[in-house]
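Below you'll find the structure, written out as structure tokens, and then a few comments.
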Amino acid sequence: MAALLAYTPFSFPLTSTRRPRILLSKTFASISTPRRKSRRRKNQNQQHDLKSGDGNSNYNNESNFTPSSAEKLLRLVFMEELMGRAREGNALGVSEVIYDMIAAGLNPGPRSFHGLVVSHVLNRDEEGAMHALRRELGEGLRPLHETFIALIRLFGSKGHATRGLEILAAMEKLKYDIRQAWLLLVEELVRSNHLEDANKVFLKGAEGGLRATDKLYDLLIEEDCKVGDHSNALTIAYEMEAAGRMATTFHFNCLLSVQATCGIPEIAFATFENMEYGEAFMKPDTETYNWVIQAYTRAESYDRVQDVAELLGMMVEDYKRLQPNVRTYTLLVECFTKYCVVREAIRHFRALKNFEGGTKILHNEGKYGDPLSLYLRALCREGRVIELLEALEAMAKDNQQIPPRAMILSRKYRTLVSSWIEPLQEEAEIGYEIDYIARYIEEGGLTGERKRWVPRRGKTPLDPDTDGFVYSSPIETSFKQRCLEEWKMHHRKLLKTLRNEGPSILGNVSESDYIRVEERLKKIVKGPEQNALKPKAASKMIVSELKEELEAQGLPTDGTRNVLYQRVQKARRINRSRGRPLWVPPVEEEEEEVDGELDEIISRIKLEEGNTEFWRRRFLGEGLNENHNKSIEVEEFENADSSDDADVGDDVANEVEDDEANEEEEVEQTESQADERVKDKEVEAAKPPQMIGVQLLKDSDQTTGSSRKSRRRVSRVSVEDDADDDWFPEDIHEAFKELRNRKVFDVSDMYTIADAWGWTWEKDLKNKAPQRWSQEWEVKLAVKLMTKVIELGGTPTIGDCAMVLRAAIRAPMPSAFLQILQTTHRLGHVFGSPMYDEIISLCLDIGELDAAIAIVTDLETSGIKVSDETLDRVISSRQTNDNPVNDTS
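Under the working numbering, read the sequence shown as residues 197 to 1085, first letter to last.
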């Protein structure tokens, strides 16, 4: 037995010394070994194979020899033992069983060697498996199809494409169908991350006439697109179409995933158009829109927000077939934020926060400019603190910490906590002198590591996060300014509604009440007088006025009047050249009288913006009433408001020296413009008012009817080919009826993005009256914002704490002093003693003794020294409060 185990009848090299060939039919020579055996040995092998029941060989002639039942039973016992060890991956045990079979007089057949090969394959021993295959071929046996399949899986999983091709060549030589083995080889190469070899093997088989399965086509295209191999993915897609299977939405989306990252969105949009105008099985889905939106959003060429808006419109129109997902909203927020369309970014963020983990996806691990940080900074930069708090609450719900980059906002060392508080673009007063040289050195000024800001040419930069943004931020809008703009915008809507609906919307009111409401809305829409923002001509200023302007800008005030005049002119020229606003003397704001009765009447005006059902009924003629006979030109106020701002800005920017002649000419122009406005208003007032639908149709007729060709185009669109296209009934009910008969648009087409995408919150937010700004409200929001930022991992600076504290001092709000100071001390910041003295003195001046005592106690607990004078004043105030002097008179 030992002699049998030691005997190895065949000896072949483990590796082939030949170079691999390309053609499959010629590669078989690298596996098979020339059989140099005697005729006697060949005849013996034929006899053994005929006697065995383990399989038949194509190399041998058939015979009528039938093995005995005892031999069959013995062979069955050996095969059960052999296969059991093969399943365990015990190659040595399988070899022992084979030697035992030989010792028992049984010659191993293809199934025995299949077990030997499988045992090596399970051990991932490619050399052993090949050695077993060579032994089998040397025996003159024809290997099983399953044997080749096992070797294909082994070589594919190890990424040996060349040896896999050799196996395919061997199968082809033995007249086996190699399609299944070829498919398995390609799949295993893909799974083992040898994509390049998988593509080569696939294309080689496809050129040879092999057809892949749908699953393999999808797998290769998807994996090629994941690694950015657009060329191979496209080639495989062409092969798939040549094989009779057309590309579907899935395949186009895979190609779009590569095209969206190449920086040329036109390529992605061309693919999108092919899908849009193609068959039903290749129509765009939500992921298609996502890839194209991403291509436009992350393109660095120029402003692409208009292209995204058009895509968004197409997606909304197709709302019955597809709906946006969390990635859609994420990309839209990123797009509108980067292109500074903050209002649209807010709308889509409100939809995004309804998805769990939406802010994490928006953060995207800080990639692509960190869209979450850009969104937070954009809200802060525009003074939208309410929306900023909403965003922070959504982040807290998703356990998303605030990115450190989001905190860096202003060159004046103010962050998200304080950059929206007036006064803007100013550094906070912290109660002690700042060593600017030490700060400069700490920031890397001596080593050159300190960033320097270089302004971009043109208007507002597309990317609000350019390098050096820490030291010079874009123009900021305070929360107070934002509230004023929202207030005016809301009352502009009320004025339009009042114009369209007439006095009936106010209920049973008199004519005088209607006029009062009209004048009040006009005054709010127009806003405060803009002339106060225009500086006085330097040539007409007296010495005290010249000194006041110079002193406010930190310039010397000594010298004669001529010297002061020249100095003021030079300062104004410098400010204009640097884009800074000119200094104007402070004007006390007039307190607006509160008329509760008039406000109650105004509150009766109900806005129906976004209420699609209301406008559908209105279009069908329901709920119409007679309009008031006075026409309120809201557009005039809008244009006047914007033109006044522009005029003031142009006048201030272009002013070199104000002469009396220039002023007189300007006054004459203003008076003539006012006369023209009055005349236009009288003419417009004489015209009967019209509904919105009538105006839209007439406007379209005017714009399209400017030429004969356009008139012909309109006549083709209309159902009734009337001789007079400009004809339209004056009666409102008849006008709407004519609109429906002409089928300009159908009632079912009246929907908004809120209706299409289920934004149930949008209508209420649009029609909700904004809250008026107050200093107390601003302080409460500041404290709430600072607390929320700290909870999310942000660290407010000492400048942030000082700005919040200064806002509380301006209110004044003694109840917030202690909370702000405690938060500041927990952060490790300490103000200068003048700041603490000022706060305590303010509390005493307004009679808040308890607040002053609480502040002194907190300072002593924190180890901060309070001046003796301040302590004496607190003590004396307490004694006076404990022992009041009775009035004996």
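Glycine is no exception: its CB is placed at the ideal position from the N, C-alpha and C atoms.
Is MET1115 buried or exposed, if buried means 16 or more other CB atoms sit within 10 Å of its CB?
As displayed, the chain neither begins before 197 nor continues past 1085, which places residue 1115 out of reach and without an answer.
Please classify GLU741: does DSSP put it in a helix, a strand, or coil?
helix
Can you tell me which of the three DSSP states SER706 falls into?
coil
Among GLU472, VAL501, VAL512 and THR358, whose alpha-carbon lies nearest the alpha-carbon of THR948?
With respect to the C-alpha of THR948, the residue from GLU472, VAL501, VAL512 and THR358 having the closest C-alpha is VAL512.
How far does the alpha helix (DSSP H) with LYS730 in it reach, from first residue to last?
Looking at the DSSP string, LYS730 is not in any alpha helix (DSSP H), and its letter there is neither H nor E.
With DSSP collapsed to three states, give me the class of ALA408.
coil
GLN1092 by DSSP, collapsed to three states: which one?
Summary: the structure shown does not reach residue 1092, with the chain confined to residues 197 through 1085, and so no result is reported for it.
Hey, how far is the Cα of LEU487 from the Cα of ALA547?
Correcting the residue type first, residue 487 is Trp in the shown sequence and not Leu. Going from the Cα of TRP487 to the Cα of ALA547 covers about 19 angstroms.
PRO1116, DSSP secondary structure in three states
What the structure shows of the chain is the stretch from 197 to 1085, and residue 1116 is not part of that stretch, so it cannot be assessed.
Residue-level contact to chain B via CB, LEU680, 8 angstroms cutoff
Chain labels in this structure do not include chain B; a single protein chain is all it has.
Given that a residue counts as buried once 16 or more other Cβ atoms are within 10 Å of its Cβ, and exposed if not, what is TYR609?
buried
Note the first and the last residue of the continuous alpha helix (DSSP H) segment covering TYR492.
Residues 482 to 493.
Bounding residues of the alpha helix (DSSP H) (the contiguous stretch that carries ARG1150)
The first residue shown for the chain is 197 and the last is 1085, placing residue 1150 beyond what the model contains.
Roughly how many whole angstroms lie between the Cα atoms of GLN898 and GLU707?
The predicted model places GLN898 with a pLDDT of 43, which falls under 50 and marks its position as unreliable, so this point remains unresolved.
So GLY334 is in the alpha helix (DSSP H); what residue range does that whole segment cover?
322 to 334
By the 10 Å Cβ neighbour count, where 16 or more other Cβ atoms means buried, how is PRO304 classified, buried or exposed?
buried
Residue range of the alpha helix (DSSP H) that includes PRO699:
From DSSP, PRO699 is part of no alpha helix (DSSP H); its letter is neither H nor E.
Taking the alpha carbon of LEU1001 as the reference point, which residue from MET297, MET603, ILE294 and VAL613 has its own alpha carbon closest?
Nearest C-alpha to LEU1001 among MET297, MET603, ILE294 and VAL613: VAL613.
Pop quiz: ARG523 and ASP566 are said to be a contact at Cβ under 8 angstroms. What is the actual Cβ separation, rounded to whole angstroms?
The Cβ separation is near 17 angstroms, so there is no contact.
Where does PRO1010 sit, in a helix, a strand or coil, going by DSSP?
helix
For GLU496, report the span of its alpha helix (DSSP H) as first-last.
Run containing GLU496: none; DSSP gives neither H nor E here.
Within 10 angstroms of its Cβ, does PRO1010 collect 16 or more other Cβ (buried), or is it exposed?
Around the Cβ of PRO1010, a 10 Å sphere holds 16 or more other Cβ atoms; the residue is buried.
Going by the beta-carbon positions, is the gap between THR484 and THR445 smaller than 8 angstroms?
yes
Output the distance between the C-alpha atoms of HIS426 and ASP420, rounded to the nearest integer angstrom.
7 angstroms
Please state the DSSP three-state secondary structure of LYS422.
helix
Check HIS1025 in the structure and name its three-state DSSP category.
Looking at HIS1025 - three-state DSSP - the assignment turns out to be coil, as it is neither helix nor strand.
Is it the case that the Cβ atoms of LEU527 and THR493 are separated by a distance below 8 angstroms?
yes
Can you list, in chain order, the residues of its chain whose CB lies under 7 angstroms from that of GLY703, leaving out five sequence neighbours each side?
Closer than 7 angstroms at the Cβ level, and outside the excluded window around GLY703, lie ARG800.
Does DSSP put GLN749 in a helix, in a strand, or in coil?
In the structure shown, GLN749 falls within a coil segment according to DSSP collapsed to helix, strand and coil.
Just reading off the alpha helix (DSSP H) that TYR636 is part of, what are its end residues?
For TYR636, the enclosing alpha helix (DSSP H) has its first and last residue at 632 to 638.
Whole angstroms are fine: how far does the CA of ASN807 sit from the CA of ASN395?
56 angstroms
Does the Cβ of VAL290 have 16 or more other Cβ atoms within 10 Å, making it buried, or fewer, making it exposed?
buried
Does HIS356 pass the burial test, meaning 16 or more other C-beta atoms within 10 Å, or should it be called exposed?
buried
Indicate whether GLU578 and THR482 have their beta-carbon atoms separated by less than 8 angstroms.
No. Outside cutoff.
Going by DSSP, what residue range makes up the alpha helix (DSSP H) through HIS929?
928 to 938
Could you tell me the distance, in whole angstroms, from the CA atom of LYS400 to the CA atom of GLY474?
31 angstroms
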